[in-house]
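Encoded as structure tokens, the structure appears first; notes follow it.
Residue numbers (the working numbering): 121 to 730.
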């Protein structure tokens, strides 16, 4: 019966093992169920969380994105599955940015920071993102998990806080704090570039009467209008600010610095007196009548005037506070004279400013009355040894003296008088060339300089066409000279203007060649006929080895591009011999003939040069 007992015992053991296995299985099922519940919980959290979540495989290809990602980026899961997150790359970050990101993930398995990304519609937005690299037991990458949220609203809030902190609430101009910061910054730039910085403090004369008669809402309208006019009147590089305390003034683009006080920082002044033009523009802007609204009533023809005090760094002071105090003192002097005036802190500058004002007034009158004259400097053809063309040079007789072009041409540029003045030169030079042609039996070529502002004026083509039509000169006899620096600010626009001029039939020359950018890649695209070698390379010929090499190179370059070369400033026979041997086409200079009135040209052209 022993075997029967053993069978019973074996059966009991089997039952216990089955029971144990069932318990273990039940326990495993419970663990799996718990894991599933946890995964479902995590999934519900990830699906509902406001942060965007992106999961990629080891090759950084997208496996999953949550609804927040779809809402934030505009990209649907079906569109990005299997693709890399770089499909939303904004293009605002360079290779070095991403190199550092991947280096951190490789070393620390984690990276976080601000990054700009792209919406599905193409717009970009800032986001704060963190990325984790998940690895297995062997340290091999299994997945990347990224989470981010949109910073657009936060950035907007920060910008609003900055606006409230640094900008005047009424006019939206920089306030005193930003004014002082910018002025100090301009000091540092000025020291490096060895230029001047001007502070203009402006006060509206009798502004209190506007508030008293019409009320503060009308006064606020007036201040906003003044802010707009000042911003338009100053250069873009200047800052206008508004201060909130009359005793503390400030500078740069246009600042409001107190109830009816404004301040301007003028940077990069070549001379202190250059501030005069900006101050005059401001006074002129304020002098025009204002139209304001008082309830349902329109108030037309409200007139104001303003006073301006000017101080200059580093001439008058070396610190922000001291420079502002100097400008306040100058403003006090301006108001003491009855208002509507500008005053420098330095009496010498006041004298220079007055002289500049008189010069501008006389220049305006001279332009209106065409009180100028042209002198001409002939050009010699080195092949025929005959004078074949001439350059028109403007002269301004002012009283008993002749004003230097170096003095009045920059002023004409700054005041935009160069446009009517340039149009007069075009007409007069073309008519003079035709008049000379009647005496010579053939029309000589006439070269006319264009100024930078004149070249950029929309009406240039019409002005040239009018001069050609009025004089009836053959267009190919007219050569317009432009400088390299004039065309390099906006090359494509300059090329269009040059081509439009060439379409009129006139010729073009690059003046002062070699002193500007001398970009050969652009030169071959310019529709020009002539290069004028600057006198700086001619004056030491043939003895200066470097000048000789440059001159020879320009002549060879011109021949390659099928251009003529005119050498300026020839004053010795050695210079002319050197240029002739290098096959330079034309020369001009004092050796050949000094600039003279039209009446002297027939004798010069007929005699030639020996």
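We put the CB at the ideal spot given by N, CA and C, even for glycine.
query, result
"Under 7 Å between the Cβ atoms of residue 685 and residue 675?", "yes"
"Which word fits residue 600, buried or exposed, when buried means at least 16 other C-beta atoms lie within 10 angstroms of its C-beta?", "buried"
"In whole angstroms, what separates the C-alpha of residue 197 from that of residue 147?", "37 Å"
"Considering only their Cβ atoms, is the gap separating residue 632 from residue 603 smaller than 7 Å?", "yes"
"Inspect the beta-carbon positions of residue 509 and residue 561 and report whether they are closer than 7 Å.", "no"
"Express the C-alpha separation of residue 583 and residue 559 in angstroms, rounding to a whole number.", "27 Å"
"Could you tell me the distance, in whole angstroms, from the CA atom of residue 223 to the CA atom of residue 312?", "39 Å"
"Would you tell me roughly how many angstroms separate the C-alpha atoms of residue 417 and residue 536, rounded to the nearest one?", "38 Å"
"What first and last residue would you give for the beta strand (DSSP E) that runs through residue 230?", "230-238"
"So the candidates are 678, 301 and 291; which of them puts its Cα closest to the Cα of residue 351?", "291"
"Return the residue from the list 324, 715 and 573 that minimises the CA-CA distance to residue 422.", "324"
"Let me check understanding here. Comparing Cα to Cα, which of 181, 191 and 201 lies closest to residue 169?", "191"
"Looking only at C-alpha atoms, which of 245, 289 and 333 sits nearest to residue 102?", "As displayed, the chain neither begins before 121 nor continues past 730, which places residue 102 out of reach and without an answer."
"Taking 7 Å as the cut-off, decide whether the C-beta atoms of residue 481 and residue 533 are in contact.", "no"
"Answer with buried or exposed for residue 713, where buried requires no fewer than 16 other C-beta atoms within 10 angstroms of its C-beta.", "buried"
"If residue 321 sits next to residue 383, beta carbons under 8 Å apart, how far is it from one beta carbon to the other, in whole angstroms?", "5 Å"
"Does the Cβ of residue 508 lie closer than 6 Å to at least one heavy atom of the ligand PLP?", "In the structure shown, the ligand PLP is absent, as is every other ligand, since no ligand is present at all."
"Which of the three DSSP states is assigned to residue 316 in this structure?", "strand"
"In the DSSP assignment, what residue or residues form a beta bridge with residue 263?", "177 and 254"
"What does DSSP give as the partner residues of residue 522 in its beta bridges?", "517"
"Whole-angstrom Cβ separation of residue 447 and residue 465, contact assumed at under 8 Å?", "7 Å"
"Unbroken beta strand (DSSP E) runs of length 3 or more, entirely within the region 411-474: which are they?", "417-422, 425-433 and 462-464"
"In the DSSP assignment, find the beta strand (DSSP E) that holds residue 628 and state where it starts and stops.", "627-633"
"Specify whether the region 335-354 and the region 398-407 touch according to this definition: at least 3 beta carbon pairs, one from each stretch, less than 8 Å apart.", "yes"
"Closer than 7 Å, CB to CB, is residue 564 near chain B or not?", "Although the question refers to chain B, the structure presented lacks it and comprises just one protein chain."
"So who's on the other strand from residue 288, going by DSSP bridges?", "Bridge partners of residue 288: none, in fact."
"So if DSSP puts residue 378 in a beta bridge, which residue, or which two residues, is it bridged to?", "381"
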